[in-house]
Each structure stands twice: as structure tokens, then as C-alpha cells.
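Participant: Going down the list, the protein sequences come from chains A and B.
Under the numbering used here, the first residue of the first sequence is numbered 286, with each subsequent residue one higher.
Under the numbering used here, the first residue of the second sequence is numbered 286, with each subsequent residue one higher.
There are 2 protein chains.
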Amino acid sequence: MTRINLDCTASTPILPQVREAIVAALDEGNPSSIHAAGRQAKQRLERARQQVAALINAAPEELHFTSCGTEANNWALKGLLAGNKRKGNHLILSAIEHPSVSLAARRLGLEGAEVTTLPVDREGFVRPADLKAALTPETVLVSIMLANGEVGTVEPIQELVAVAHEHEALFHTDAIAAAGHVPVDVKALGVDALSLAANQFYGPPGAAALFVREGLRILPLLEGGGQEGGNRSGTEALPAIVAMGVAAEIATRELPERAKRLTAVRDRLRTALTAQLEGIRINGSWASRLPHNLHVCLDGVSSESLVLGLDAEGVAAGLGSACNSKSMRPSHVLKAMGLTDEEAKGALVLTIAEGTTPDDVDRAVEIIERVAKRLRSVTALTSRA
Amino acid sequence: MTRINLDCTASTPILPQVREAIVAALDEGNPSSIHAAGRQAKQRLERARQQVAALINAAPEELHFTSCGTEANNWALKGLLAGNKRKGNHLILSAIEHPSVSLAARRLGLEGAEVTTLPVDREGFVRPADLKAALTPETVLVSIMLANGEVGTVEPIQELVAVAHEHEALFHTDAIAAAGHVPVDVKALGVDALSLAANQFYGPPGAAALFVREGLRILPLLEGGGQEGGNRSGTEALPAIVAMGVAAEIATRELPERAKRLTAVRDRLRTALTAQLEGIRINGSWASRLPHNLHVCLDGVSSESLVLGLDAEGVAAGLGSACNSKSMRPSHVLKAMGLTDEEAKGALVLTIAEGTTPDDVDRAVEIIERVAKRLRSVTALTSRA
């Protein structure tokens, strides 16, 4: 029996065309050399930049490649704050940001920045009124994610940007969970900076990017040979970057159909799970949601035993926020949404991808039902003893 | 006629076994997931860590993967200075460091650190007496490269480390140009931190590492999901990292033979060039030198016209420091070694790799001779006019 992968939160599978692009790029030269092989490599690099820029409606010059989404997020916060000190030293973020945003903010706080963390409502939405109340003349930057990869909620970024810009604060959005899954248009959103990562839209790990609106001042995090216009030095990971370009081009072309396909499969998963399991709750907004994400809490079981039990039966599922998977504390996202520790205990992140079939979903639901039933009976026995 | 690549300074070609490892790793899971695919990916990651650690005689726990050598160098300087502020805020480096060290140091200087740059002698050596004189009780860190990839000189690191440690300063060495080419043993050298990059020893771009001696305090540069023991967050670029492991294992096994092979080919290049060309000077130490490097200056021609002329005839050669290849100023390394602008003008970095044959060398020498002769006659005509 082939395994069923419902854990595409941290990384999506690599598409065949993307894989071919990596292999083809392995023999390219160094884009910083001036001779023939170097010039060809440079062309490949710039082609990828155009492809990724097109996915988010940016100008290629506004796009800087990084090694991963974490680097893009760290750079956005640290680089924009350091580059715009004249305005002040105040940073605002939301309580459900990825650790690559919240821990970068914590570091900035330790170094003297004032950091304000905005709450979210029960569905995971940041309220524009809360942002408005938090803004001060010293606010340099607001960083609120476009979509939360764990609970699936897509934030009202356009509205939040308008509020930030009224107070002349810059706006960065972590679009790592969103790009390639929902339309992302930097011009329509109005954002000043935006992070995205290839391994979240069927590209490889090792390539990501930070969009920085033209004319904006950002200090580099990595200094050296002057690659990426001096904004991000380091030999370019050309195979991964070229593959990110291909993945972006496919995403740009297929996004509407992809979203429709995945939504249908995801909705089937939801319907079957809620019909067949008792004590199940859906988390996150349903009206404004990533098409490939389902987040549930199962009463009377723990996330960890669920994920391990499902794994033993051939189903990969996600445990809270993927990057914190080793830590058994309830997810900070669920806590911020007001779930109690008890409510958050049986949280399961189920993310599907291109290739997940209705049959996969039906088999997975059966297995989830069986595993949950077994775990619940064990829990019942233990608590009786 | 196949092209001859004598520009392996910034990147070496990828070995067939390394390429296979990348392709095989493309379908691995996320090493941070706790289910089966994640655990297998984690094993692959840890195997690569052992392989790279073995190349430099470090413990696997002391090795942290980064995305590129530039990141490793930036992290070493910024992270060690920030992590050891109690001792002071003084940093010492040499005048011939790669920009990823010297520009990171400049940034630290702008942020309040005291930075001392040590001179080098005519062969590119840092003198231990100069280091001794520069050390103060506030010196936190000394960063001197193990070998200079441009002029080939291998520095007396062991001696320099002893001097630094007498003054209780930490010692970082940029071994990016050296690892895989000359023996690198962190215990024998005594260094506290060391950078190396896969794409300099027949691995791919996108994977590098920083060795940090156990027990040392270093602040992370990238904060987030807690990968690499919390020292370097970000989804691991597993295909590139696994490939770096394979390249390291091959380097560990083949280093003595590889060095012998490359030295023979490089020496043939030197002998033929000096025999057949007039007005040629060899730069860098000959006694303590990278086996695959030759650095020459040709009188009466410019580096750029040489590199472009050779490129047109099918020979890729390096122009000053590879990462600064767009800039036409004489290399900072040659300036530090005391060469005048006029002497440095016709500088050519010739680096060979596994696969460069004696026949390649003979053909290249013929072409270099022809191109140099043509350029010199043009220069003579122009200056007469």
C-alpha cells in the first residue's frame, strides 16, 4: 500500500518539471563570472527572477533570492528596521507569525527595538482596528503573514496595509504559506516587502526570495561578493533557484485550476471526517482559507500519538506548526486563537497537494477514524485505572 | 573543440557521484517531521553531517549547515562577536580576507566594534608578530583565512592560533578555498570556528557549513524553527547538504592523491607558461600553496581583456578575486601584497580541477601565449598612436 502524504505544510512534493530543471542546471557555471559559462548561468538566474517576479506581479529588480523562507523573513525584519532607523525603532507583528518572524522580532527586541504583538480572533484574523491602535509615529515596520500555513486563515492584508500606510509604517508580509496557492499580487496588496519560498509551491528546498519595493532602504544580512545587487551576497544556489523559477511559472499558469482541484479534494476530506468522526472541530476561517489546508482538533487524543499512530498506518499528517514539530507544547497559533490547552491537545494539520486523490482521502479518513478510536479507548482505559 | 576550464576558484565542477546524490535526495521528506519520511530525511542529514565533520576532524555536533560560504563567514564574525561581548568588542582580520569576512567586519565596525586589519607580506603571509602586536585584552575574535583562493597562499594558521589563544581571543578561519584541497584538521589547527563550502570541493552550490568548537557561545544569524540545534533555523536544503556529504567523503578519501595529481598538472602549467611567455610573474607563496592554484601577472595587458580574449578562444580563466569579477579595480589581495596598480593590471587566476588534463594545459598555454601576444601588439600600437 503506498503511503498517503497529508503533511505538505512545511514542504510540498517536487514536480517532475522542477526536478528536470534542477538536474539541467547542475552543470551551469557561476553567474558572477564574466566568460561564456558565467554569462549563460547569469541568464538562467535572471530568467528565474522574472518567473518568480511574475508570480507576485513584482518587477524582477525588486526580487532578491535567498536560501530559505526563514532567511527572507529574518532579513525583512532585521534589514528594514536597521535601514529605516531614522523613523524610529518600533515593530508590530501578529501573535500567529511563523517563528522566523517572531523570533527575529524577539532578537530585535533584545537589541533595543520596541515590539508590539497583535492578538487574533477565534478564526485567526488580525483586526485592522488593533493594528490602528498599535501604530505610533515611531513604527517602522508591520509584519503580518498573508496566510497561516497551520490553521489556513488568509489575512485581510490589503486592509491592514492601508492602515499601516496611513501611519507611514512599512508593511512586510510572510507569504510563504500562500504563494502558489492563492493569488498574490504585491501591487494590489500594496505591501512593501514579501517573503516566499520555493519548497511551499512544488519547488525544491534551498531557494526562496524577498520582494522589496523599489526605492526602499534595506540593509543586507549577508555581506560579501555583492551578488543580488549587493543586497544578498553569496554564491547563488543556481539549481534550486532555476527550479524555483520553473515552479513559479507553473504556479502562475495553473493557480486558478490548482486551487479549484485542491479545494474539492480538501472539502471531501472535511466532509468525510466530520461525518464519520465524533468529537472533531475545524479550526481557522472557512471563508478566507488556503485551498489545500484543513486543521482539526480531535477530542480525547494527543497530537503526537495521532501523528505517530497514523504514520504507523501509512498516513503522514502534520503536528501543530511544522517547524516546531519536536516541541510538544500546544501550538502558539492555537493559543493565540483562544483555544485552551485541552482543546488544542488533539490538533492535526492536514494539507494536501497536487496528486492527492479522492481515493487517498477516503482511505486516510478510514485510517484516521480507526486510529482515533483506538487511541481514545486507550485513553479511556488509562483514565479509569 | 571542447572548452578548457581554468576558472575553478569560485566553484569547482560537480562530481558524478555528487550529482547522483542530489537527484536521489530530491524526493526525501522534511527532516523536521516526526513521521517515517521525516525520520529518514533526518538520517540522511545526520549522515552528511558526519561526512563533512570527518573531512575536518570535527565532532558532528560541532558542525552547522548553512546555505553558502558567505553565510558561514558572516555568521562566524557577527555571531561570535555578539555572543562574547563580555570580553570586549575588538575584531582582528587580515587584509586579504574574502569580502564575506571583510565586509561583515566593516558592518560590525559601523555598529561600534573596533576592527584591526593586519597587513600581509609580498607572498601574502600574515606575520604572527603583527597579530601579537594587534591583540588587546578586548580582542574577542581573530579571523584569518586558511588559504587565499586567489593567490593560493596557505597561511600559518597553527602559529597564528597559538598567538591568539595566548591572549584568550577566539580564532575563526575561512577554509572555503582550502577544504578538500589541503588537509584541514580543526584539532591540529586549534581553531575555534571554521567555514567551508561544498561548491569549492566538487559539491553543489547551496550547502556550506560552519564548525564551532563545542561549548562556544555564538548567536544565530537566522532565527526561527530551531533547525541545526537552534543555531541556524530554516528548512534544510537536503539535496545540496546530502551532496555536500558525498563530496566531503570523496575528498577525505582522495585528498592526498588528488593533491598530488593536481599539483603535477598545475606545475606543468607553470613551467610551460614561464618558458613560453615573456613578462610573466608568479604571485603568492610557492612553498605553502593550494595545489590547484596558479596566479600570474602578465606585463602590458589588462586582466579583463585577457579573460575576454581567452574566453573567445575557449579558455575560461579567472579575473582577480572571483566574487569581485565585475569590478575592474586591482584586487585588494594584490594591493595588500604590495603590488602596484601597474603590476596588478594583467593578473590572471588559473585554477585547475579534477579532470583538467596535461593536454588541456598545453592547449591553454598556446592560447594564452597567442592572446597575450595579440593584446600586447594592440597596446603597443595604441600607446604609439
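The C-beta atom is built at its ideal place from N, Cα and C for all residues, glycine as well.
Does DSSP put histidine 320 of chain A in a helix, a strand or coil?
Facilitator: For the purposes of this step, residue 320 of chain A is taken as residue 35 along the first sequence, with counting starting at 1. Under the three-state reduction of DSSP, histidine 320 of chain A is assigned to coil, being neither helix nor strand.
Participant: At least one CB of chain B closer than 8 Å to the CB of valine 308 of chain A: is that the case?
Facilitator: Locating residue 308 of chain A in the first sequence gives position 23, counting from the first residue. By this cut-off, valine 308 of chain A is an interface position.
Participant: Is there a Cβ of chain B sitting closer than 8 Å to that of arginine 304 of chain A, yes or no?
Facilitator: Start at 1 with the first residue of the first sequence, and residue 304 of chain A comes out as number 19. Chain B contact via Cβ: present.
Participant: Along the beta strand (DSSP E) that carries alanine 367 of chain A, what are the first and last residues, could you check?
Facilitator: Locating residue 367 of chain A in the first sequence gives position 82, counting from the first residue. Unbroken run through alanine 367 of chain A is the alpha helix (DSSP H), 354-368; no beta strand (DSSP E).
Participant: Along chain B, in chain order, which residues have C-beta atoms closer than 7 Å to that of glycine 373 of chain A?
Facilitator: Taking the first residue of the first sequence as 1, we reach residue 373 of chain A at position 88. In chain order: nothing, as chain B lies at least about 18 Å away.
Participant: Quick one: is aspartate 292 of chain A near chain B, going by C-beta distance under 8 Å?
Facilitator: Walking along the first sequence from the start, residue 292 of chain A turns up at place 7. Yes, because at least one Cβ of chain B sits closer than 8 Å to the Cβ of aspartate 292 of chain A.
Participant: Thinking C-alpha only, which one of A:Lys363, A:Glu508, A:Pro384, A:Ala339 is nearest glycine 714 of chain B?
Facilitator: Examination of residue 714 of chain B is not possible in this model, given that chain B is present from 286 through 670 alone.
Participant: Answer with buried or exposed for glutamate 346 of chain A, where buried requires no fewer than 16 other C-beta atoms within 10 angstroms of its C-beta.
Facilitator: Here the question's residue 346 of chain A lines up with position 61 in the first sequence. By the neighbour-count rule (16 or more Cβ atoms within 10 Å), glutamate 346 of chain A is not buried but exposed.
Participant: Can you give me the C-alpha to C-alpha distance between glutamate 598 of chain B and threonine 556 of chain B, rounded to a whole angstrom?
Facilitator: Here the question's residue 598 of chain B lines up with position 313 in the second sequence. Here the question's residue 556 of chain B lines up with position 271 in the second sequence. Going from the Cα of glutamate 598 of chain B to the Cα of threonine 556 of chain B covers about 22 Å.
Participant: So isoleucine 377 of chain A packs on leucine 403 of chain A, CB below 8 Å; how close in whole Å?
Facilitator: For the purposes of this step, residue 377 of chain A is taken as the residue at position 92 of the first sequence. For the purposes of this step, residue 403 of chain A is taken as the residue at position 118 of the first sequence. 6 Å between Cβ atoms; contact.
Participant: Between glycine 623 of chain B and chain A, is the shortest Cβ-Cβ distance under 8 Å, so that the two count as touching?
Facilitator: To locate residue 623 of chain B, count along the second sequence from 1; it is residue 338. It does not: the Cβ of glycine 623 of chain B has no partner Cβ on chain A nearer than 8 Å.
Participant: Quick one: grab the DSSP three-state call for histidine 457 of chain B.
Facilitator: Here the question's residue 457 of chain B lines up with position 172 in the second sequence. In the structure shown, histidine 457 of chain B sits in a strand (DSSP, three-state: E or B).
Participant: Quick check on this structure: which residue in A:Leu595, A:Leu666, A:Leu633 has the alpha carbon closest to the alpha carbon of arginine 288 of chain A?
Facilitator: The residue labelled residue 288 of chain A in the question sits at position 3 within the first sequence. Comparing Cα-Cα distances from arginine 288 of chain A to each of A:Leu595, A:Leu666, A:Leu633, the minimum goes to A:Leu595.
Participant: Taking the straight line between their C-alpha atoms, what separation do you get for glutamate 451 of chain B and valine 467 of chain B?
Facilitator: Translated into positions along the second sequence, residue 451 of chain B becomes position 166. Translated into positions along the second sequence, residue 467 of chain B becomes position 182. The alpha-carbon atoms of glutamate 451 of chain B and valine 467 of chain B are separated by roughly 26 Å.
Participant: Give the interface partners of proline 489 of chain B over in chain A, defined as CB-CB distance under 8 Å, in chain order.
Facilitator: For this step, residue 489 of chain B is matched to residue 204 along the second sequence. Close partners of proline 489 of chain B in chain A (Cβ separation under 8 Å): Leu311, Ala522, Pro524.
Participant: To which residues of the same chain is leucine 348 of chain B closer than 7 Å at the C-beta, ignoring the five residues directly before and after it?
Facilitator: In the second sequence, counting from the first residue as 1, residue 348 of chain B sits at position 63. Taken in chain order, the residues that qualify are Arg334, Val337, Ala338, Ala494, Phe496.
Participant: Is there a Cβ from chain A that is less than 8 Å from the Cβ of asparagine 369 of chain B?
Facilitator: To locate residue 369 of chain B, count along the second sequence from 1; it is residue 84. Cβ-Cβ to chain A under 8 Å: no for asparagine 369 of chain B.
Participant: Check each residue of the segment 390-413 of chain A: if its Cβ is closer than 7 Å to any Cβ of chain B, include it; give the result in chain order.
Facilitator: Arg392
Participant: Measuring alpha carbon to alpha carbon, tell me which residue in B:Lys327, B:Val581, B:Leu507, B:Pro301 is nearest tryptophan 571 of chain B.
Facilitator: Locating residue 571 of chain B in the second sequence gives position 286, counting from the first residue. Measuring from the Cα of tryptophan 571 of chain B, the nearest candidate turns out to be B:Val581.
Participant: Sorted by chain position, which residues of the same chain lie with C-beta nearer than 8 Å to leucine 366 of chain B's C-beta, five sequence neighbours on each side aside?
Facilitator: In the second sequence, counting from the first residue as 1, residue 366 of chain B sits at position 81. Only Asn374, Leu376, Leu393, Ala398, Val425, Leu426 meet the Cβ criterion.
Participant: How would you call serine 668 of chain A, buried or exposed, if buried means at least 16 neighbouring beta carbons within 10 angstroms?
Facilitator: Taking the first residue of the first sequence as position 1, residue 668 of chain A is located at position 383. With fewer than 16 Cβ atoms within 10 Å of its Cβ, serine 668 of chain A is classed as exposed.
Participant: Could you name the residues of chain A that proline 384 of chain B contacts, counting a contact when the two beta carbons are closer than 8 Å?
Facilitator: As a position in the second sequence, residue 384 of chain B is number 99, starting the count at 1. Going along chain A in sequence order, the residues near proline 384 of chain B (Cβ under 8 Å) are Glu508, Gly509, Gly510, Gly511, Ser518.
Participant: Quick check on the DSSP output: the alpha helix (DSSP H) that includes lysine 559 of chain A runs from which residue to which?
Facilitator: Locating residue 559 of chain A in the first sequence gives position 274, counting from the first residue. Residue identity check: residue 559 of chain A is threonine in the sequence provided, not lysine. Where threonine 559 of chain A is concerned, the enclosing alpha helix (DSSP H) stretches over 523-561.
Participant: At 9 Å on the CB atoms, spell out the chain D contacts of valine 592 of chain A, in chain order.
Facilitator: Among the protein chains in the structure shown, which are A and B, there is no chain D.
Participant: Would you please verify whether the beta carbon of asparagine 578 of chain B is less than 8 Å from any beta carbon of chain A?
Facilitator: The residue labelled residue 578 of chain B in the question sits at position 293 within the second sequence. Not one chain A Cβ lies under 8 Å of asparagine 578 of chain B.
Participant: Cα separation between valine 656 of chain A and arginine 498 of chain A?
Facilitator: Position 371 of the first sequence, counted from the start, is the residue given in the question as residue 656 of chain A. Position 213 of the first sequence, counted from the start, is the residue given in the question as residue 498 of chain A. Approximately 49 Å between the Cα atoms of the pair.
Participant: Taking DSSP as the reference, what is the three-state secondary structure of aspartate 477 of chain B?
Facilitator: For the purposes of this step, residue 477 of chain B is taken as the residue at position 192 of the second sequence. The answer is coil: DSSP assigns aspartate 477 of chain B none of H, G, I, E or B.
Participant: Which residues in chain B sit within 7 Å of leucine 388 of chain A, going by Cβ to Cβ distance?
Facilitator: For this step, residue 388 of chain A is matched to residue 103 along the first sequence. Those are Glu508, Gly509, listed as they occur along chain B.
Participant: Leaving out five residues on either side along the sequence, give the residues of the same chain with a beta carbon under 6 Å from the beta carbon of threonine 294 of chain B.
Facilitator: The residue labelled residue 294 of chain B in the question sits at position 9 within the second sequence. Excluding positions up to five away in sequence, the list reads Gly434, Gly603, Ala607, Val634, Thr636.
Participant: Helix, strand or coil, according to DSSP, for threonine 287 of chain A in the structure here?
Facilitator: Taking the first sequence and counting its residues from 1, one reaches residue 287 of chain A at position 2. Threonine 287 of chain A: coil per DSSP, three-state reduction.
Participant: Note down the Cα distance separating glycine 437 of chain A from threonine 537 of chain A, rounded to an integer number of angstroms.
Facilitator: Numbered from its first residue, the first sequence carries residue 437 of chain A at position 152. Numbered from its first residue, the first sequence carries residue 537 of chain A at position 252. Straight-line Cα distance between these residues: approximately 21 Å.
Participant: Does the distance from the C-beta atom of alanine 460 of chain A to that of leucine 431 of chain A stay below 8 Å?
Facilitator: On the first sequence, position 175 is the one that residue 460 of chain A refers to. On the first sequence, position 146 is the one that residue 431 of chain A refers to. Yes, they are a contact pair.
Participant: Check whether the segment 354-362 of chain A and the segment 478-486 of chain A are in contact - that is, three or more C-beta pairs closer than 8 Å.
Facilitator: yes
Participant: Taking the alpha-carbon of leucine 575 of chain B as reference, which of B:Glu444, B:Ala463, B:Ala522 has the nearest alpha-carbon?
Facilitator: Position 290 of the second sequence, counted from the start, is the residue given in the question as residue 575 of chain B. Ranking the options by Cα distance to leucine 575 of chain B, first place goes to B:Ala463.
Participant: Tell me, please, whether the CB atom of leucine 426 of chain B is closer than 8 Å to any CB atom in chain A?
Facilitator: The residue labelled residue 426 of chain B in the question sits at position 141 within the second sequence. With 8 Å as the cut-off, leucine 426 of chain B does not count as an interface residue toward chain A.
Participant: Among B:Ala601, B:Val618, B:Lys630, B:Lys620, which residue has its Cα nearest to the Cα of cysteine 645 of chain B?
Facilitator: If you number the second sequence from 1, residue 645 of chain B lands on position 360. What sits at residue 645 of chain B in the sequence shown is aspartate, not cysteine. That would be B:Ala601, whose Cα lies nearest to the Cα of aspartate 645 of chain B.
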